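Peer 1:
Number of protein chains: 2
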Amino acid sequence: MSYENAWLNYRMRQDCRDKKYFSKVYAGDNCLYTQTAVRELEIAAREILDIKTERVGNCETAGIWLKLDQNSEAGEEGYHIREKDGRIIISSAGGRGLLYGSFALIRRLQLEQTLEGICIEQVPSNPYRMLNHWDNMDGSIERGYSGNSFFFQDEMVLVNERTRAYARLAASAGINASVINNVNVRGNATKLITDVYGEELRQMSEIFAQYGIRLFLSLNFAAPMELGNLDTADPLDDRVKAWWKEAMADIFGRIPNLGGFLVKADSEGRPGPFTYGRDHADGANTLAEAAAPHGGVIIWRCFVYNCQQDWRDRKTDRAKAGYENFMPLDGKFKENVILQIKNGPMDFQVREPLSPLLDGLQDTNQILEVQIAQEYTGQQRHICYLIPMFKEISDGSFRKNNWGMAAISNTGNDENWTGHDLAAANLYGFGRLSFDSELTAEEIAEEWAVCTFGKNEKVTKTVVKMLLMSWPAYEKYTSPLGIGWMVNPNHHYGPNVDGYEYDRWGTYHRADHLGIGVDRSSRGTGYARQYREPLASIYENILTCPEELLLFFHHVPYTYRLRSGKTLIQHIYDTHFEGAQDAAELAVLWDSLEGCISEKVFERVKKRLEHQKEHAGEWRDQINTYFFRKSMIPDEKGRHIYE
Amino acid sequence: MSYENAWLNYRMRQDCRDKKYFSKVYAGDNCLYTQTAVRELEIAAREILDIKTERVGNCETAGIWLKLDQNSEAGEEGYHIREKDGRIIISSAGGRGLLYGSFALIRRLQLEQTLEGICIEQVPSNPYRMLNHWDNMDGSIERGYSGNSFFFQDEMVLVNERTRAYARLAASAGINASVINNVNVRGNATKLITDVYGEELRQMSEIFAQYGIRLFLSLNFAAPMELGNLDTADPLDDRVKAWWKEAMADIFGRIPNLGGFLVKADSEGRPGPFTYGRDHADGANTLAEAAAPHGGVIIWRCFVYNCQQDWRDRKTDRAKAGYENFMPLDGKFKENVILQIKNGPMDFQVREPLSPLLDGLQDTNQILEVQIAQEYTGQQRHICYLIPMFKEISDGSFRKNNWGMAAISNTGNDENWTGHDLAAANLYGFGRLSFDSELTAEEIAEEWAVCTFGKNEKVTKTVVKMLLMSWPAYEKYTSPLGIGWMVNPNHHYGPNVDGYEYDRWGTYHRADHLGIGVDRSSRGTGYARQYREPLASIYENILTCPEELLLFFHHVPYTYRLRSGKTLIQHIYDTHFEGAQDAAELAVLWDSLEGCISEKVFERVKKRLEHQKEHAGEWRDQINTYFFRKSMIPDEKGRHIYE
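Residue numbers (UniProt numbering), protein chains in the order written: chain U, 1 to 643; chain W, 1 to 643.
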């Protein structure tokens, strides 16, 4: 299947004054990364500047000098770029820094910013900048909305030119680690750690390595039983420990660029240490001990909760589960264990408070997990630019034990990689934000728009406007004020107010004739008390609780007055009318770009926007009707709510 | 896979005075059916009476005489049985009558009723007594709850000893026609009418023939395109007509015992005449013309409605669709077309009014379609003995153009045929009721219980009690007063009050804070007016409308007083508490039979009853909570309703 270049869709520039730099490149070393950096500079020179780059033997005559400098304060992955005397020097303590510096330089070319006098210093904000792919070996993707996997097909591992294109795209945005298989490891995927797929994975990891990307695999905690014929996977059993040691020695020996493993254990039916009366530290540490001699890390997901809850039970609160399960283990994990924690306590809803675990854990390595696969945010049929959300999230999460950010990827083998062309802004944006947390969501949107569609003020302004209004719009026409979950079960697309209300997943809104919301204050489930002060008190009190999270923390009468002076019910009606209107406006905005965007892309996006507009209307009507039927309070503005 | 004998589970009787009859049998003819009849008498004699039957050459010495009598008033399928001078004479105008008579005689043996002085005359109430199997060629069964198909597996047709066991069971209950493949004809199933599967189907039809069962196939209306390479399936196109003629000549030539075809057209995505601007008479008549020279009939389903409705639309009413589509065609169908009409205007809900089409059509052959597969009535995990419902239905439907009854079958390759052992009562009962509409539901239940579990008064009484209380119980704890549809979408199992409320299927309850129900009077959708008087007026008026159908026909305030003096909401609460209690009692009743029933069957049923009890509690709580949250009217009796 053919594929496009996304934001590396280079366009020729006429009369660019910066040609001079690119005609001669000098690289002081010849490491893998530097070779890639030079190649990327050559591609950009050819495609953007229409010149052929000469590799010269010393820095004196070079226009660009890739300078490995072990004393560089930018570190192994950071870089300095400075222009001096007609020469651009990109320096770093590591080859990867030179690669990122080169991509940064090329981006400036794409953005048509001058290179004269350039002086940039950039150190990555996060050591780990990961993509998690939920790709299955049959080629399907769990929560995938962009076609099938480009890593797997028919139980085989795919290694081809698209593997390289993927690595190149990811690296250009700043990604340095990729977990290629689904965290739900079943069937043949369990065998990915054996030599059955060894050769293909080695080849893939070598391609990744050229772009500074570590290969990670999701593993099956029960592998000692499924592969090793042991009768237990008890992490404290000596045979199990020995089995893991041997398995790790084997795979790290075969795949030098392997970074380690991601583990989903005791979660939604996956096996884990609980089966053996062990805790998650026991489980993670056994794997970590086995991986440590090889420099491997174990990334352990904290998405552990009771998924057999009873809707009648008002004491158990799924939101509390992560903290309850992992907080007592703070400080007990080995050095090479990193806990991967979802941004919110539930599951990637359009609005959630930050997980109290992120703030709570003091002596445990953490990776913040977000989802750019739009499972609950329109599934790449709606635009929902999530970088503003991630920005809030990463600003709010503590940095002390920060090891990075991971995103559930939104990619697939669709020609444009992400199904919706505009969803690529989330892929790009996640990489950029995890590399440079100082960037604003707007800056990222603008970078992406120009790199993707070329420099055209009208296009850039319009696309940036669309992106920035999309998350607020989606929030408005879907579930109100942080309550979440009003979606169709299983596939999670489209409105269904009671869809998860009487189910086993711990996901309730508790709406009745008088009000809606879950009391998570200390009078209710007590979840608010998991936060450290002052947040605990802020959330606890309906008067200080941020209104966008009001229904997440409190059960509120429809007649309650919000700070706007509106009643809650009126707010629900208003936001739903507004949100659907915003969706309609998105379609109008895009239509204004006809002729400014390649026809193929224009039509592709137009079709999705038409669906979004219609579907946002369905959301509006179902939500408004549901609450009108329940509350019987009419819309103050007399708009049409179906009975 | 092994299988049991269901109600043909013969038990040895000691000291039976009726042995004498069975020692010598004389059959005056040697047709296929009579041969089977003799074989069945032999089996019964051996297994019940422990004697070997001798076939004798004349009636004089015979204890049982199978007498073909062309002048018999019982007709081809009816029979007389009478004892005279120590000899039992079974007579009929046809071999099939002799077969049914033999089964009737054997049944009396099973029931331990004396044969002395027996004098029975029985003419089948329905010419067609059909089973419709929704079996797919991959072996799955649409709405199947008893394992996989025993007709198909891996795209192959299965013919083996189970085929015979099926035919024998069906015939013993009175069935004389079987459609073996799903009405949704896709993939290889389209090719069932070609010679690809010809040999297997011929073999199957020959086995069926021995038991007096005509083989029917569901066909794909678009077959002329899919198989014939035509660019149209327009029923008025000469090439299409010619194609069908040839196809029919071919298949009827190859399969002499083929009865004809069942067709689902223009329904739920299936192709049909509407595509070509033709009506259903055009469609059916083209097929009928092609089948007529071979004595074949076309059974045409009337389940045609708009399944892309908008929940906001209060004018369109799915209930009206069958009548609207077919009533104008009354009198326009060929003689060998039979319309197959579901009992209710919706789709096999626990309570529906009788379809107005059944009453309306005056000059059109009809088959009444019911469903013993418990799609909406507990999926053979709950007991729901449906014969009382069918009894009401068949009593209510006009007989004028009656060609029979068809049931969507509840069978599969489970060892006990029907998943739930007690669900076999529906299979047996459907056959018996369609053969003899005078039987009461209680009589049938008793017959079935004794034949299945042996003669044991405690067992019979208990099982009959359980069966008779099961439909009312199921109705009580599920959707109230005829409104239907409060189930989980797609699989249709378990409570979900809003599951179909905002969907495209035309299935709404319209509940709000004040009331619930669909106004189908002339002030509403006007559906009630499709009935002939006096029914139209009866349904039209909330005061005369039968209360069990109240919410089907009217939107009613929760505070409305029913004839019982209870408010509607209190009725909802009461019936749900009662229904769940009934389900609990069913489990207690069954437990009282421990030791009286084989352990294997006892445990199998016990497990399902425990689930039913728990699941009925879930129904009770979800429904009651839903309406309490919406209405905020408390239970008068102060029982626990979850908030």
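Note that beta-carbon positions come from the ideal geometry of N, C-alpha and C, so glycine has one too.
Note that this is a predicted model, so its numbers are computed, not measured.
1) Taking only the alpha-carbon atoms, compute the straight-line gap between G57 of chain W and R46 of chain W and give it to the nearest angstrom.
2) Could you name the residues of the same chain whose beta carbon sits closer than 6 Å to that of R529 of chain W, not counting the 5 residues immediately before and after it, in chain order?
3) Between Y573 of chain U and the rest of its own chain, which residues show a CB-CB distance below 6 Å, the 5 nearest in sequence each way excluded?
4) Residues of chain W with a CB under 8 Å from the CB of S631 of chain U: which are they?
5) Suppose the cutoff is 8 Å on Cβ atoms and the five residues either side in sequence are ignored; what does the same chain contact list for P495 of chain W look like?
6) CB I213 of chain W to CB N176 of chain W, shorter than 8 Å?
7) Taking H611 of chain U as part of the alpha helix (DSSP H), name the residues at either end of that continuous run.
8) Give me the residue from U:L131, U:T114, U:L481, U:W65 with the minimum Cα distance to E352 of chain U.
9) Consider the Cβ of D18 of chain W: report whether some Cβ of chain U lies at a distance smaller than 8 Å.
10) Excluding five sequence neighbours on each side, which residues of the same chain lie with their C-beta closer than 6 Å to the C-beta of V159 of chain W?
11) Does D635 of chain W have its Cβ less than 8 Å from a Cβ in chain U?
12) CB Y211 of chain U to CB N410 of chain U, shorter than 8 Å?
13) Which whole-angstrom value describes the C-beta separation of G296 of chain W and N336 of chain W, a residue pair presumed to lie in contact below a C-beta threshold of 8 Å?
14) Flag this pair as yes or no: are the beta carbons of E54 of chain U and K20 of chain U separated by less than 8 Å?
15) To which residues does DSSP link L339 of chain W through a beta bridge?
16) With DSSP run on the structure shown, which of helix, strand or coil describes A528 of chain W?
17) Are the CB atoms of D363 of chain U and G412 of chain U within a distance shorter than 8 Å?
18) Within the same chain, show all residues whose beta-carbon is closer than 8 Å to that of T460 of chain W, passing over the 5 residues directly before and after it, in chain order.
19) Per DSSP, what are the beta-bridge partners of G404 of chain U in this structure?
20) Determine, using beta carbons only, whether F216 of chain W and V179 of chain W come nearer to each other than 8 Å.
21) Using a Cβ cut-off of 8 Å (strictly closer), state whether E610 of chain W contacts chain U.
22) Under 9 Å Cβ-Cβ, which residues of chain W neighbour V497 of chain U?
23) Tell me whether G259 of chain U sits in a helix, a strand or coil according to DSSP, three-state version.
24) Three-state secondary structure (DSSP) at V179 of chain W?
25) Report the residue from U:F348, U:F627, U:D498, U:F261 whose alpha carbon sits nearest the alpha carbon of P557 of chain U.
26) Using a Cβ cut-off of 8 Å, pull out every chain U residue sitting near D621 of chain W, in sequence order please.
27) Is the stretch 504 to 518 of chain W touching the stretch 550 to 570 of chain W, taking contact as three or more C-beta pairs under 8 Å?
28) Let me see if you follow: with CB-CB separation under 8 Å, is E603 of chain W close to chain U or not?
29) Given a cut-off of 8 Å, decide if C302 of chain U and F326 of chain U are closer than it, judged by their beta-carbon atoms.
30) Looking at chain W, is there any beta carbon in it that lies within less than 8 Å of the beta carbon of E643 of chain U?
31) In angstroms, rounded to a whole number, what distance separates the CA positions of A616 of chain U and W471 of chain U?
32) Exposed or buried, T34 of chain W, counting other C-beta atoms within 10 Å across all chains shown (16 or more means buried)?
33) Between the C-alpha atoms of G139 of chain U and F261 of chain U, what's the straight-line distance to the nearest angstrom?
Peer 2: The structure says:
1) 20 Å
2) S522, A536
3) N624, D635
4) H513
5) T478, M486, V487, N488, E618, W619, Q622, I623
6) yes
7) 599 to 631
8) U:L481
9) no
10) E200, Q203, M204
11) no
12) no
13) 7 Å
14) no
15) W:W300, W:Q366
16) helix
17) no
18) E446, A449, V450, F453
19) U:Y128, U:I367
20) yes
21) no
22) D498, Y502
23) strand
24) strand
25) U:F627
26) R312
27) yes
28) no
29) yes
30) yes
31) 13 Å
32) buried
33) 21 Å
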